[in-house]
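Chains as they are written, first to last, in my numbering: chain S, 4 to 213; chain E, 510 to 692.
Don't be surprised by glycine CBs; every beta carbon is placed ideally from N, CA and C.
Structure record follows, encoded as structure tokens.
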């Protein structure tokens with residue numbers, strides 16, 4: 004029972020973006036296109052998984068006094084690996100994400116999970132926590148991107164497969180999109196409304212339990 | 510004192526292992542990245558040449574904003590130049606490839622390495638973004654302010670004015686440099 008909870012808590016109850024409010028900088032910055040959100044999400048899942056595993060493995064080896072610098076070294080190494088692999092094998096995505104790939108280092112979700120969870124738990128639980136939090140982060144990011152891109156640009160950009168160019172055009176919206184939604188202020192608006200929605204749903208659930 | 514050494518040693522060990530792992534990954538990915546970059550440059554060079562062929566790259570020193578140039582020739586006739594320019598963007602320096610004819614009129618522009626914001630400044634990587642500059646230069650001034658653009662062109666730079674100004678100023682610097690090259 005508890006094992007499943009380590010995984011599912013990140014999806015909704017402790018969703019890193021909507022509930023714990025961690026990692027908002029990349030959320031606001033790369034959520035302009037769905038494909039960027041998915042790519043960023045994949046990068047974060049990989050780094051989170053790597054850092055959580057190593058922090059949990061080394062929890063008895065790393066002295067308390069230098070735990071933060073040690074975590075940063077571990078996280079930065081994984082981010083650099085993601086950056087190099089992305090640049091070599093998926094250069095188009097790397098071009099789109101740009102500066103936000105190296106910035107995964109300072110994504111609070113990752114250091115937050117290392118400090119709050121991985122260093123006090125077993126490797127197995129840390130893996131589940133990383134997967135749950137990473138997928139929760141990706142889902143939340145994709146949701147924001149889907150709303151922002153469809154309203155702000157009138158398109159939905161996915162991966163190009165075969166004849167499909169990768170971009171879906173929404174008939175009426177692509178002619179007259181609400182550009183503000185695509186800008187930074189739009190990101191905050193969408194984020195705020197979604198946070199409100201999550202709070203409302205959460206409150207209703209709590210009442211139902213009572 | 511002893512605990513100090515233990516802590517320092519452990520941190521150094523973690524760093525050493527991380528550095529080894531990174532060196533290993535770099536070894537695997539570096540040739541592919543280099544190959545990709547070379548291919549990208551070649552592609553961009555042929556894309557900005559409208560007519561003729563790009564010659565050898567010639568480095569430029571002492572001119573801020575201009576890295577190098579390639580002469581464009583056709584049967585030994587000089588048709589113009591491709592300039593490799595540096596512009597100041599929102600996320601740091603941007604590298605541009607721009608071709609000019611011998612009169613200094615812009616033929617084509619390509620935005621190369623940059624750290625602009627996806628969905629905003631990054632839109633400048635698309636060919637249609639650069640259409641606003643093509644045909645300007647020489648007698649027509651290169652647009653460097655939003656007020657010099659049509660409504661549709663101005664809409665395309667909304668939220669990314671710094672990128673636009675960076676590109677426009679770099680193209681202007683290039684045009685000025687070309688005049689010195691012609692003499």
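Given that residue i touches chain E, what residues does it touch there, using C-beta distances under 9 Å?
i, result
"residue 182 (chain S)", "664, 667, 668"
Taking Cβ positions, are residue i and residue j nearer each other than 8 Å?
i, j, result
"residue 199 (chain S)", "residue 155 (chain S)", "no"
"residue 659 (chain E)", "residue 651 (chain E)", "no"
"residue 18 (chain S)", "residue 143 (chain S)", "yes"
"residue 647 (chain E)", "residue 598 (chain E)", "no"
"residue 595 (chain E)", "residue 574 (chain E)", "yes"
"residue 34 (chain S)", "residue 148 (chain S)", "yes"
"residue 562 (chain E)", "residue 582 (chain E)", "yes"
"residue 38 (chain S)", "residue 161 (chain S)", "yes"
"residue 613 (chain E)", "residue 688 (chain E)", "yes"
"residue 115 (chain S)", "residue 25 (chain S)", "yes"
"residue 605 (chain E)", "residue 547 (chain E)", "no"
"residue 78 (chain S)", "residue 50 (chain S)", "yes"
"residue 624 (chain E)", "residue 600 (chain E)", "yes"
"residue 94 (chain S)", "residue 545 (chain E)", "yes"
"residue 527 (chain E)", "residue 80 (chain S)", "yes"
"residue 283 (chain S)", "residue 537 (chain E)", "Only positions 4 to 213 of chain S appear in the structure, and residue 283 (chain S) is not among them; the question remains open."
"residue 36 (chain S)", "residue 630 (chain E)", "no"
"residue 523 (chain E)", "residue 68 (chain S)", "no"
"residue 2 (chain S)", "residue 193 (chain S)", "Not covered by the structure: residue 2 (chain S). The range shown for chain S is 4 to 213."
"residue 60 (chain S)", "residue 112 (chain S)", "no"
"residue 683 (chain E)", "residue 587 (chain E)", "no"
"residue 534 (chain E)", "residue 87 (chain S)", "yes"
Starting from the beta carbon of residue i, find every residue of chain S whose beta carbon is closer than 7 Å, and list them in chain order.
i, result
"residue 628 (chain E)", "35, 36, 185"
"residue 516 (chain E)", "66, 68, 69"
Just list the residues that DSSP pairs residue i with in beta bridges.
i, result
"residue 579 (chain E)", "E:591"
"residue 158 (chain S)", "S:172"
"residue 619 (chain E)", "E:606"
"residue 532 (chain E)", "DSSP lists no partner for residue 532 (chain E)."
"residue 562 (chain E)", "E:582"
"residue 597 (chain E)", "E:602"
"residue 39 (chain S)", "Answer by DSSP bridge pairing: none, since residue 39 (chain S) is not bridged."
"residue 568 (chain E)", "E:577"
"residue 649 (chain E)", "E:646"
Taking residue i and residue j to be in contact with their CB atoms under 8 Å, please state how far apart those CB atoms are, rounded to whole angstroms.
i, j, result
"residue 173 (chain S)", "residue 153 (chain S)", "6 Å"
"residue 22 (chain S)", "residue 131 (chain S)", "Their Cβ separation, rounded to whole angstroms, is 18 Å, which puts residue 22 (chain S) and residue 131 (chain S) out of contact at 8 Å."
"residue 135 (chain S)", "residue 30 (chain S)", "The Cβ separation is near 17 Å, so there is no contact."
"residue 109 (chain S)", "residue 89 (chain S)", "Incorrect: roughly 18 Å between the Cβ atoms, too far for contact."
"residue 653 (chain E)", "residue 639 (chain E)", "That belief does not hold up - the Cβ atoms of residue 653 (chain E) and residue 639 (chain E) are roughly 15 Å apart, past 8 Å."
"residue 41 (chain S)", "residue 138 (chain S)", "Not quite, the Cβ-Cβ distance comes to about 12 Å (not below 8 Å), so this is no contact."
"residue 662 (chain E)", "residue 641 (chain E)", "5 Å"
"residue 579 (chain E)", "residue 554 (chain E)", "7 Å"
"residue 121 (chain S)", "residue 541 (chain E)", "With 8 Å as the limit, residue 121 (chain S) and residue 541 (chain E) do not qualify as a contact, their Cβ atoms being about 32 Å apart."
"residue 520 (chain E)", "residue 72 (chain S)", "6 Å"
"residue 669 (chain E)", "residue 632 (chain E)", "7 Å"
"residue 626 (chain E)", "residue 32 (chain S)", "7 Å"
"residue 52 (chain S)", "residue 119 (chain S)", "Contact doesn't hold; Cβ gap of about 16 Å is too wide."
"residue 44 (chain S)", "residue 141 (chain S)", "3 Å"
By the criterion of Cβ-Cβ separation under 8 Å, what are the contact partners of residue i in chain E?
i, result
"residue 99 (chain S)", "627, 631"
"residue 64 (chain S)", "519"
Show which residues of chain S have a CB atom less than 9 Å away from the CB atom of residue i.
i, result
"residue 545 (chain E)", "90, 91, 94"
Output, in chain order, the set of chain E residues within a Cβ distance shorter than 7 Å of residue i.
i, result
"residue 102 (chain S)", "600, 624"
Cβ closer than 8 Å: which chain S residues qualify as neighbours of residue i?
i, result
"residue 643 (chain E)", "Ordered by position in chain S, no residue passes the 8 Å Cβ test against residue 643 (chain E), which lies about 23 Å from the chain."
"residue 674 (chain E)", "The contacting residues do not exist; residue 674 (chain E) stays about 18 Å from chain S at best."
Got a sec: does the ligand GDP put a non-hydrogen atom nearer than 7 Å to the Cβ of residue i?
i, result
"residue 133 (chain S)", "Summarising the ligand content, the structure contains no ligands, and the ligand GDP is consequently not present."
Q) Of the residues that make up the region 518–542 of chain E, which ones have a beta carbon closer than 7 Å to any beta carbon in chain S? A) 519, 520, 523, 524, 527, 530, 531, 534, 535, 538, 541, 542
Q.
Along the region 562–591 of chain E, where does the CB come closer than 8 Å to a CB of chain S? Name the residues.
A. Within the region 562–591 of chain E, contact with chain S at the beta-carbon level (separation under 8 Å) is assigned to no residue.
**Q.** Residues of the region 595–608 of chain E with Cβ closer than 9 Å to any Cβ of chain S, in chain order
**A.** 600, 601
Q. Which residues, taken in chain order from the region 20–33 of chain S, show a beta carbon closer than 7 Å to some beta carbon of chain E?
A. 32, 33
Q) Using Cβ-Cβ distances below 8 Å, what residues of the region 70–96 of chain S are close to chain E? A) 72, 73, 76, 77, 79, 80, 83, 84, 87, 88, 90, 91, 92, 94
Q) What are the residues of the region 107–125 of chain S that lie near chain E, defined by any Cβ-Cβ distance shorter than 8 Å? A) none
Q. Using Cβ-Cβ distances below 7 Å, what residues of the region 39–57 of chain S are close to chain E?
A. 39
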